[in-house]
Amino acid sequence: MTDTSGIGDLGSGGPGFGGRYARAVAERGRLCAGIDPHAALLDEWGLSVDVDGLSAFADLCVEALAPVAAVVKPQVAFFEPFGAAGFAVLERVVAACREAGALVIADAKRGDIGSTMAAYAQAWLSESSPLCADSVTASPYLGYEALRPALDLARQGERGVFVLARTSNPEGADIQRARAGERTVAQSIVDAAAAENADGTATVGLVVGATREHGLDLADLRGPILAPGLGAQGATPADLPVVFDGADPAWLLPASSRGVLRAGPDATALRDAFVRTRDEVEAALG
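Be aware that the sequence shown starts at 470, since it is given in this note's numbering, and climbs by one per residue.
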């Protein structure tokens, strides 16, 4: 049994996506399981780099991770090269993870304007779509308000949008750390998300990499912080309280993909690797 005493401040009966998130992490802990069917991983698992290998990889991940993870994050880009067949596998992954009780973040990083953004929102956040997830990652660098169709649709359906703020790739600093008046561009995204969450729904989460000092004031966000980079990218559970000093640890959601997935293809070994990492995260965050 995972000790989740450190997340009690979230409560469990709040409105919107925040309430759903709080209930999930209270039951299963603060670690997001990435499902990244990278060609190199398929090869490591002894699978063919085609739709059959993709399907086998996805099924093993769902079997091992969906029953124990609070949140599962399929990386959409790794399904797209297989065309319609790849999207069919992704549809199955999303549905099966949700059926197993995990929240699903579709890691699609969509960002556009007007009717195009509205169409992306319908694809990932509308119950009528076969790709409908519990939340989606989005890029605000065409302007935060350009994401409005997704933000509004997410709020209506008690879903979430994880907006890129300070990403783990070094190239991101060119834009994200640029000054916009008296604050960085990344901080302006944080502040916009915090204003969005003033209604208590925690509709807007942020993506903030766990692998570098981010220089952000996250204290007033009142929403989840997806923190990729645990494991293969170099971040450790012990780094989290340091990197995210000042943020509410109850809202912190570290993510591990390759660091856990390299324990496959045995489903039991894969699940054990996830549980071990999750328990290390809980111990580090308190």
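Note that the Cβ used here is the ideal one computed from N, Cα and C, for glycine as well. These numbers come from a predicted model, not from an experiment.
With 16 or more neighbouring CB atoms inside 10 Å of its own CB, Gly700 falls in the buried class. A straight-line Cα-Cα distance of about 24 Å links Leu534 and Asp708.
Sequence-distant partners of Leu622 (beyond 5 residues in either direction) whose C-beta falls short of 6 Å from its own C-beta, in its chain, are Ala590, Leu594. Between Ala671 and Gly692, the C-beta gap is smaller than 8 Å, which places the two residues in contact. DSSP places Ile658 in the helix class (H, G or I) of the three-state scheme. The residue from Arg731, Gly483, Asp689, Ala738 with its alpha-carbon nearest to that of Gly715 is Asp689. At a Cβ-Cβ threshold of 8 Å, Ala554 and Val605 do not count as neighbours.
The alpha-carbon separation between Val729 and Ala575 amounts to approximately 18 Å. Counted as a single uninterrupted DSSP element, the beta strand (DSSP E) harbouring Val540 occupies residues 540-543. For Ile504, the enclosing beta strand (DSSP E) begins and ends at 501-504. A straight-line Cα-Cα distance of about 20 Å links Leu633 and Glu651. Here Cys501 is near Leu722, since their CB atoms are less than 8 Å apart.
Pairing Glu751 with Arg745, the inter-Cα distance amounts to about 10 Å. Across the set Gly503, Arg492, Gly488, Glu496, the C-alpha of Gly503 shows the shortest separation from the C-alpha of Leu695. According to DSSP, residue pairing for Asp643 in a beta bridge does not occur.
Relative to Ala588, the option among Leu510, Asp717, Arg617 whose CA is nearest is Arg617. Contact annotation: Val630 and Val673 have beta-carbon atoms nearer than 8 Å. Around the Cβ of Leu611, a 10 Å sphere holds fewer than 16 other Cβ atoms; the residue is exposed. If you check the CB distance, Glu627 and Arg489 come in under 8 Å. The beta carbon of Ser657 sits closer than 7 Å to those of Ala649, all from its chain and outside the five residues before and after it, given in chain order. With distances taken between CA atoms, Leu510 lies nearest to Ala732 out of Thr737, Phe551, Ala732. Sequence-distant Cβ neighbours of Asp505 in its own chain, meaning closer than 7 Å and more than five residues away, are Gln544, Phe547, Ser726, Arg727, Leu730.
At the C-beta level, Lys542 and Ala724 come within 8 Å of one another.
Nearest to Val573 by alpha-carbon distance, out of Pro536, Gly755, Asp512, Gly515, is Pro536.
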